[in-house]
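Visitor: Take 11 as the starting number for the sequence shown in this note's numbering and just add one per residue.
The beta carbon of each residue, even a glycine, is placed where N, CA and C say it ideally should be.
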Amino acid sequence: MMGFGFRNGLMMAAALTVLAACNPDAEPSGSEIIAPAEAQTAETEAAAPASVSQNVETIHDGMLVMDTHLDTPAYFHSSDYKFSERQTFEEDGTHVDLPRMKEGGLDGGFWVIFTAQGPLDEASYHAARTSAVLRQMAIRELAAKYSDDVELAFKADDAERIAAEGKRIVYQSMENSYPLGTDVSLLETFYAGGLRMVGPVHFRDNQFADSATDVSTNSYGGLSPLGEELVAKANELGMVLDGSHAADETVYDMIELSTTPIILSHTGVDGVYDHYRNIPDELLMAVAEDGGVIQINAYGSYLEALEPSPEREEAMAALEERFGASYYDLDEATREEYVAAREEIEAQYPAPRSTFEKFMEHLLYALDKVGPDHVGMGADWDGGGGVDGMSDITFLPKVTAALLEAGYSEADIQKIWSGNMLRLLREAEEARTSELESPNVLN
Numbered sequence: 011m012m013g014f015g016f017r018n019g020l021m022m023a024a025a026l027t028v029l030a031a032c033n034p035d036a037e038p039s040g041s042e043i044i045a046p047a048e049a050q051t052a053e054t055e056a057a058a059p060a061s062v063s064q065n066v067e068t069i070h071d072g073m074l075v076m077d078t079h080l081d082t083p084a085y086f087h088s089s090d091y092k093f094s095e096r097q098t099f100e101e102d103g104t105h106v107d108l109p110r111m112k113e114g115g116l117d118g119g120f121w122v123i124f125t126a127q128g129p130l131d132e133a134s135y136h137a138a139r140t141s142a143v144l145r146q147m148a149i150r151e152l153a154a155k156y157s158d159d160v161e162l163a164f165k166a167d168d169a170e171r172i173a174a175e176g177k178r179i180v181y182q183s184m185e186n187s188y189p190l191g192t193d194v195s196l197l198e199t200f201y202a203g204g205l206r207m208v209g210p211v212h213f214r215d216n217q218f219a220d221s222a223t224d225v226s227t228n229s230y231g232g233l234s235p236l237g238e239e240l241v242a243k244a245n246e247l248g249m250v251l252d253g254s255h256a257a258d259e260t261v262y263d264m265i266e267l268s269t270t271p272i273i274l275s276h277t278g279v280d281g282v283y284d285h286y287r288n289i290p291d292e293l294l295m296a297v298a299e300d301g302g303v304i305q306i307n308a309y310g311s312y313l314e315a316l317e318p319s320p321e322r323e324e325a326m327a328a329l330e331e332r333f334g335a336s337y338y339d340l341d342e343a344t345r346e347e348y349v350a351a352r353e354e355i356e357a358q359y360p361a362p363r364s365t366f367e368k369f370m371e372h373l374l375y376a377l378d379k380v381g382p383d384h385v386g387m388g389a390d391w392d393g394g395g396g397v398d399g400m401s402d403i404t405f406l407p408k409v410t411a412a413l414l415e416a417g418y419s420e421a422d423i424q425k426i427w428s429g430n431m432l433r434l435l436r437e438a439e440e441a442r443t444s445e446l447e448s449p450n451v452l453n
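1) So what's Ser134 in DSSP terms, helix, strand or just coil?
2) When DSSP labels each residue in this structure, what does Val143 get in the three-state scheme?
3) Cβ of Gly232 within 9 Å of Cβ of Ala219?
4) Indicate whether Gly399 and Ala389 have their beta-carbon atoms separated by less than 9 Å.
5) Could you tell me whether any Cβ in chain B is nearer than 9 Å to the Cβ of Gly399?
6) Taking the continuous alpha helix (DSSP H) assigned at Gly128, which residues delimit it?
7) By the three-class DSSP mapping on this structure, what secondary structure does Leu108 have?
8) So, using beta-carbon positions, are His276 and His87 closer together than 9 Å?
9) Identify whether Val250 lies in helix, strand or coil by the three-state DSSP scheme.
10) Which residues bound the alpha helix (DSSP H) around Met73?
11) Going along the chain, which residues of its own chain have a beta-carbon closer than 8 Å to the beta-carbon of Ala325, five neighbours each way excluded?
12) Alpha carbons only, please: which of Gly302, Glu330, Asn288, Ala350 is nearest the one belonging to Ser311?
13) Can you give me the start and stop residues for the alpha helix (DSSP H) that Ser311 sits inside?
14) Let me confirm a value: Gly417 is counted as buried when at least 16 other C-beta atoms fall within 10 Å, else exposed. Which label applies?
15) Looking at the structure shown, is Glu53 part of a helix, part of a strand, or coil, going by DSSP?
16) What does the alpha-carbon distance come out to for the pair Glu447 and Gly128?
17) Count Cβ pairs between the stretch 148 to 157 and the stretch 190 to 201 that sit closer than 8 Å; are there 3 or more?
18) How long is the line joining the alpha carbons of Ala343 and Arg171, rounded to whole angstroms?
19) DSSP three-state call for Glu48: helix, strand or coil?
20) Just checking my contact of Val303 with Leu434 at CB under 8 Å: how many whole Å lie between their CB atoms?
21) Jot down the residue ranges of each uninterrupted beta strand (DSSP E) in the stretch 175 to 259, minimum 3 residues, whole runs only, in chain order.
22) Just to confirm the assignment: which complete alpha helix (DSSP H) runs, minimum length 4, are found wholly within the stretch 259 to 337?
23) Taking the CB atoms as reference points, tell me whether Tyr286 and Leu313 lie closer together than 9 Å.
24) I need the DSSP call for Asp398, collapsed to helix, strand or coil.
25) Helix, strand or coil for Glu445 per DSSP?
26) Can you give the Cα-Cα distance for Glu239 and Ile265, rounded to whole angstroms?
27) Nearest to Ser254 by alpha carbon, out of Gly103, Leu267, Thr223, Glu101?
28) Quick one: what's Val160 bridged to in DSSP?
29) Identify, in the order they occur along the chain, each residue of the same chain with its Cβ nearer than 8 Å to the Cβ of Asn216, setting aside the five sequence neighbours on each side.
30) In angstroms with no decimal places, state the Cα-to-Cα distance between Pro271 and Ala438.
31) I'd like the list of long-range same chain contacts for Trp391, defined as Cβ closer than 7 Å, with 5 residues on each side in sequence excluded.
32) Does the structure place the stretch 177 to 186 close enough to the stretch 88 to 96 that three or more beta carbon pairs sit under 8 Å?
33) Express the C-alpha separation of Glu321 and Gly334 in angstroms, rounding to a whole number.
34) What residue does the alpha helix (DSSP H) around Val380 start on, and which one ends it?
35) Tell me which residues share the same chain as Asp263 and place their Cβ nearer than 6 Å to its Cβ, disregarding the 5 neighbours each side in the sequence.
36) Could you give the first and the last residue of the continuous alpha helix (DSSP H) run that contains Val349?
Below you can see the structure in the form of structure tokens.
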């Protein structure tokens, strides 16, 4: 039986539409959470801890392993999600919890404050800001509740210290700066709460920039004037700028304007699969030549063209015709009916999934093009990531094994797992000009 987490994921996916997340006319309520074209079902794979040699396990466990895009905070509002208890992808569709972090050797990473794109007006900005503040509070509350096991991180040097104390590392990032409205000084508030990475845009063009997936428009040809202010403010505060979801022109503008190198926290490469969310070789190399880092995601429909299922598409169309496109327009009883009907579709016609081998193809392609100083991993866990052969974070040792097999040294692999992202954060810290402090009010 599918657990509540899976039902919760379906609800998030249905929030504004039942269209696919990669469709520029669609805007799911999560990051890339369980969109119909990439829905994750309990039947797709029987999860088991990654099977690697004892030598690889020892090497992996000895590394500082981090991921730059953990969408797990999307589940923090649910009383049914228990961070301290081991869950399984098969039972509830989640990827991350404390026991699995220990099992897969994931020391932590950047936990995401995500806000879906909405109208560009003051009332909507206010609502988005409230949502973002609550999400940041939820992340901080997690650190307070499980203070023996996790700790908020504010500086690059915090990571090794926290890991050495046997705790998991919690940096914060913002995916979509929409909640800032037209006042970039509000970034200071989130910085004070621990935010250290910020991306200007998500699935649609907003007040700051053009999006990679809003292909029907080209609002600014890159960053807007307000987006340029955002870059300057992030540099002032010592934050890393994230070009994921941004149009290529936007990323080029970020490279040109930022005083420190940028990151793409979860992306893929056009050289393996040409997709709006992936980047061409020229941009891949431009990011690297500027000192930046490209983190490869495990979001299946961005890794390869997945064979569509006519039966699934027909069932999804019937679902939309029956319930409409907006989940939030439904009353509580009808929402339950919708989720039950959606679960039945997922059971009968599961969405096609990509593979671990295809994920590694993207990762190795990027490494071949720009080298281990400029590549890492941002799988989009709990935001749509996960593939056959790597369905959750317990499979991370397989990545280390594959990199060793490909000929990369332990020193190179350590850069890939965390060294590169921490270098960027350290460079941003050293270049900051703001005197604003970020006290850890939990201590």
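Guide: Per the coordinate set shown:
1) helix
2) helix
3) yes
4) no
5) Note that chain B does not occur in the displayed structure, where there is just one protein chain.
6) Careful: Gly128 lies outside any alpha helix (DSSP H) and carries neither H nor E.
7) helix
8) no
9) strand
10) Premise fails: Met73 is in no alpha helix (DSSP H) and is neither H nor E.
11) Ile355, Gln358, Tyr359
12) Asn288
13) Looking at the DSSP string, the run of the alpha helix (DSSP H) that includes Ser311 is 310 to 313.
14) Classification of Gly417: exposed, given that the 10 Å Cβ count is below 16.
15) Only weak support is given to the placement of Glu53: the predicted model assigns it a pLDDT of 36, under 50, and the question is left unresolved by the model.
16) 31 Å
17) no
18) 49 Å
19) With a pLDDT of 39 at Glu48, under the threshold of 50, the modelled position of that residue is not reliable, and no figure is offered here.
20) 6 Å
21) 178 to 185, 205 to 209
22) Listed in chain order, they are 291 to 299, 310 to 313, 320 to 333.
23) no
24) strand
25) coil
26) 14 Å
27) Thr223
28) The partner list for Val160 (beta bridge, DSSP) reads Arg178.
29) Gln127, Leu130, Asn186, Ser187, Tyr188, Pro210
30) 8 Å
31) The beta carbon of Trp391 lies closer than 7 Å to those of Asp77, Leu80, Asp81, Thr82, His105, Val106, Ile403 in the same chain, with the five residues before and after it left out.
32) no
33) 19 Å
34) 366 to 380
35) Scanning its chain for C-beta atoms nearer than 6 Å, with the 5 sequence neighbours on each side dropped, one finds around Asp263 the residues Gly232, Leu233, in chain order.
36) 342 to 358
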